[in-house]
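Have a look at the structure below before the remarks.
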Amino acid sequence: MNQEVGAIMNYCYKRFPVKVYEKKIPEQFQVPSMYFPATWVNTRNDTVSTFLKTYTLHIKVFHKDSGQANDAAETIVDALSADRNIIQMVSEEGELLDQYVRIKRAETRIADQGVATIVLTWDSAYWYNRDAKPSLDDINFSDGVIKREQDEK
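Position 131 (the sequence shown) corresponds to 835 in our numbering; numbering is contiguous.
The structure is reproduced here in structure tokens:
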């Protein structure tokens, strides 16, 4: 799981403190509960230095009936909207970090009997791989000629 999904799980749990499943849902699962499956990811170019990954997460909210499941899902999304769609990142130990994830899109829908889905979408930028650049410490300026130390060997 990436750290952003962990922060989203933490955020949702604080607004709807129920049993959370992330790997798979057991046959006899608790109701109410939430399930966080793997994200869908779409990758594209961003800048000359970064590429962008667009994540989509389909959170399942389980409750006694569809209305209660949808109400719980809407409560989470309403809180997110009131927080300007910004979720503060947390460390693996649960400590708040000075980093945030901004949700681009949040929607709810009834998925099945007793199940509502929250669909969250967000973007994250990542650096392209870069070739290692020589350090100035590796350059010899003797005799008015610039030479890299590896060239002298």
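Cβ atoms here follow ideal geometry from the backbone N, Cα and C, with glycine treated the same way.
The Cβ atoms of THR758 and ASP827 lie closer than 7 Å to each other. Burial check for LEU801: the Cβ neighbour count within 10 Å stays below 16, so the residue is exposed. Taking all protein chains shown into account, ASN749 has fewer than 16 neighbouring C-beta atoms within 10 Å of its C-beta and is therefore exposed.
Listed in chain order, the alpha helix (DSSP H) elements of length 4 or more contained wholly in the region 765-836 are 770-786. Judged by DSSP secondary structure, LYS718 falls within the alpha helix (DSSP H) whose first and last residues are 707-719.
In the DSSP assignment, VAL745 falls within the beta strand (DSSP E) that extends over 744-749. In this structure ALA776 is in contact with VAL765, their Cβ atoms being roughly 5 Å apart against a cut-off of 8 Å. Burial check for TYR804: the Cβ neighbour count within 10 Å stays below 16, so the residue is exposed.
Measuring C-alpha to C-alpha distances from THR812 to each of PRO736, PRO741, GLY771 and PHE755 identifies GLY771 as the nearest. Only exposed fits GLU796, as fewer than 16 other CB atoms lie within 10 angstroms of its CB. Spatial neighbours of CYS716 in its own chain (CB-CB distance under 7 Å, excluding positions within 5 residues in sequence) are listed in chain order as MET738, ILE763 and ILE780. Residues THR747, ARG748, ASN749, ALA829, TYR830 and TYR832 of the same chain have their beta carbon placed closer than 8 Å to that of PHE755, with the five preceding and five following residues left out of the count. Rounded to the nearest angstrom, the gap between the Cα atoms of PHE740 and ARG806 is 18 Å. The three-state secondary structure of ILE729, taken from DSSP, is coil. Using a 10 angstroms sphere on the CB of VAL752, the tally of other CB atoms stays under 16, which defines it as exposed.
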